[in-house]
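Numbering-wise (our numbering), the sequence shown opens with residue 456 and increments by one. Just below is one structure, and these are the notes that go with it.
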Amino acid sequence: MINSLSEFKVTSAQAKENPDTFWSEIASEFQWKSPWKQTLDFDFSKPEIKWFVGGKLNITENCLDRYIETQPNKTAILFEPNDPTETAQHISYKKLHKRVCQTANMLKANGAKKGDRICIYMPMVPELAIAVLACARIGAIHSVVFAGFSATALAARINDASCSMLLTADGGFRGSKTIALKEIADEALVSCSTVNCCLVLQRTQQEVQWNSTDKWWHEELEKVDDNCPVEVMDSEDPLFILYTSGSTGKPKGMVHTCGGYMVYTAYTFKNVFQCQPNDVYWCTADIGWITGHSYIVYGPLANGATSVMFEGVPSYPAFDRFWEVCAKHKITHFYTAPTAIRALEKHPTSLVEKHDLSSLKVLGSVGEPINAEAWHWYDEHVGKHNCPIVDTWWQTETGGILISSLAGVTPQKPTFATLPMPGVQAVLLNNEGDEIEGEGEGILAIKHPWPSIARTIWGDYERYKNVYFSAYPGYYFPGDGALRDAEGNYRITGRVDDVVIVSGHNLGTAPIENAINEHSEVVESAVVGFPHDIKGNALCAYVIVRDMGVDSSTIEKEIREEVAKTIGPIAKPDRILVVSGLPKTRSGKIMRRILRKLAAGEHDQLGDISTLLNPEIVEEIKRQNS
Ligand code: PRX
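In structure tokens:
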């Protein structure tokens, strides 16, 4: 673990100078079935990236087996249920190992084998983490789909990866609601011919329909024992697929591999959070997102830490739930999203003060830029000016944190993610693709691979190449803009493509437009983001309808329903404006820049609109907006 600023500087310099030696030393701290022959083999121009080439391992051996000897009774997963009156579960490393092995055997008994894709559509209960690890143990590739996605979105993801199995639950608790997961899964499976087995966990005990491929999880588990040797995996074998939105309609199934992902998530967890043996670490994300994969499951467990899993929401039963849980479990590390902080900041601070938060040592932020107000509220009311805040910048594609301070070790700076991790060569580029030296603002890019960079998009290598490696040859292009101060600290300024981060969720505008265009009355639509108090960004949809005389409130309602059905409730636009046209260039391209300014109310910052094909439409939208 890096313990001081000077050590950080030396380590970063060494990692830059000789990345192979640096990562090779870190990787040798893990258990390998056989060692790698070459640390890194890469060519960004192809692109082709391989880490720890020829090495053999199983990530679950590193997360579980090696700890059952040294700390069998330490809590690995601490589960806090949605309902605060339901007892929390402390699952020790020994118990977790046993349950993962048994679940792995259940998967095998139902036909799963190495290389198969298994879709997981489950609530935030321990069995979700166990299912993920069980897949990894047998070498099946997990594809977790966030339980807030709709049947259409679930089916698209299952079909894209040709999953042979679906793991789900009867339902999930979420605040005062229950979500009928099995019902949604049933609807999805109608169009998924590759799935031949659906294992259903009982969580809510609600009534469910039963199909010929369905089996109860608890019944299947009873049929198998808990002896499950690990499947030996190649370092570059896929570990999982996780879908993220892109600028075009189809979601991108990012593929992460066993060796590099393990080494990098474990290394960054250890150094960013600086967790000590008796600490209790809580990341509030859902395992349906990359944050949950890397920093609830794999990173913490690979370090033998105690990782909290929370089933509920920050507002249930009241807006002090986070703080109540922190006090109850004496949380030392609390890692959440700016959108949650902004939502909680709107409530009286007495809700925070009534709980004893003295156990807290480190706070974290992830998923979107954290604004100064939220940063200071977090620092003052939650951290009591006593806890370093790590603002961690990374992506589904990067697998692990690329830019962040190290808690209490490197300096923090409000609203800045600060410095790249050792081994991460971040640069700023201008529009011509030239590197900017020193202070400046531009496009963020990464010059050299790190071990957990996604290796491809499942089934679409060309798209992987085009999206991430073609815009600026020789660099990985994440799609974010950034500015850099004189000390080299990075502040992420936001997306430079058509992805909008809403409440920390990465949403492509194209799939939302496609969903809106499904409405029979809609001729054309354009979706853009605009600044929002709590969500960071919200969505505004400009919609042209066939008959301008129709009742716009009915259309708006139907459009929201259509989006919820096709993608999920998170993608519903906040504002829908029925317009008679969209500002276009003479070549017919929609001027999204102008639509963004209009949605943000920046009517006087539109620039020259005289070259538009239809400048009069801008005046019309302005009138509608005011
Ligand atoms: O725009 C950046 C933003 O979230 C994007 C990645 O989203 P996703 O793949 O869903 O992963 C989210 C969790 C890692 C990035 O391209 N983002 C993420 N973290 C930060 C951030 N923007 C600013 N500051 C951050 N700390």
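For glycine and all other residues, C-beta sits at the position ideal for the given N, C-alpha and C.
Relative to the Cα of C781, the nearest Cα in the group I751, T649, W737 belongs to W737.
Burial check for P966: the Cβ neighbour count within 10 Å reaches 16 or more, so the residue is buried. Assignment of D935 by DSSP, reduced to helix, strand and coil, places it in the strand class. Across the structure, T1066 and D1002 are spaced so that their CA atoms are roughly 28 Å apart. Assignment of M876 by DSSP, reduced to helix, strand and coil, places it in the coil class. Taking the Cβ of V821 as the reference point, at least one heavy atom of the ligand PRX falls within a distance shorter than 7 Å. For the pair of segments examined, the region 993–1001 was found to touch the region 1035–1055: the number of CB pairs separated by less than 8 Å reaches three. For S820, the enclosing beta strand (DSSP E) begins and ends at 817–821. Here P581 is near Q544, since their CB atoms are less than 8 Å apart.
Straight-line spacing of the CA atoms in K816 and H788 works out to 6 Å. The continuous stretches of beta strand (DSSP E) do not include T525, which lies in the alpha helix (DSSP H) extending over residues 521–525. Q867 has its Cβ no nearer than 7 Å to any heavy atom of the ligand PRX. D775 counts as buried, since at least 16 other C-beta atoms from the protein chains shown sit within 10 angstroms of its C-beta. One Cα belongs to K920, the other to A468, and the distance between them is close to 29 Å. Ranked by Cα distance from G754, the first of I1010, I532, G626 is I532. With a beta-carbon spacing of about 12 Å, I613 and H597 fall beyond the 8 Å limit used to define contacts.
Following the DSSP letters along the chain, one finds R910 in no beta strand (DSSP E), marked with neither H nor E. Using a 10 angstroms sphere on the CB of K1044, the tally of other CB atoms stays under 16, which defines it as exposed.
Distances taken from the Cβ of N826 to the heavy atoms of the ligand PRX include none shorter than 7 Å. C590 is not a Cβ neighbour of L756, given a cutoff of 8 Å. As the crow flies, the alpha-carbon of E691 is around 31 Å from that of V655.
Closest by C-alpha distance to I908, out of S860, I634, W506, A970, is W506.
Assigned with DSSP and collapsed to three states, L806 falls in helix. When rounded, the separation of the alpha-carbon atoms in V645 and K783 is 43 Å. In this structure, the beta-carbon distance from A584 to I742 falls below 8 Å. The continuous stretches of beta strand (DSSP E) do not include Q850, and DSSP gives it neither H nor E. H545 carries a strand assignment under DSSP once its states are collapsed to helix, strand and coil. In the DSSP annotation of this structure, P866 is not part of any beta strand (DSSP E), being labelled neither H nor E.
Between the region 859–873 and the region 762–778, the count of Cβ pairs shorter than 8 Å is below three; the stretches do not touch.
The continuous stretches of beta strand (DSSP E) do not include A611, which lies in the alpha helix (DSSP H) extending over residues 606–615. In its chain, beyond the 5 residues on either side, P769 have a beta carbon closer than 6 Å to the beta carbon of F777.
With a cutoff of 7 Å, N992 does not count as near the ligand PRX, since its C-beta is closer than that to no heavy atom of the ligand. Here DSSP, grouped into helix, strand and coil, assigns F485 to coil.
When the beta-carbon positions are compared, A595 and K569 come within less than 8 Å of each other. The beta-bridge partner set that DSSP reports for D669 consists of C653. The Cβ atoms of A624 and R592 lie no closer than 8 Å to each other.
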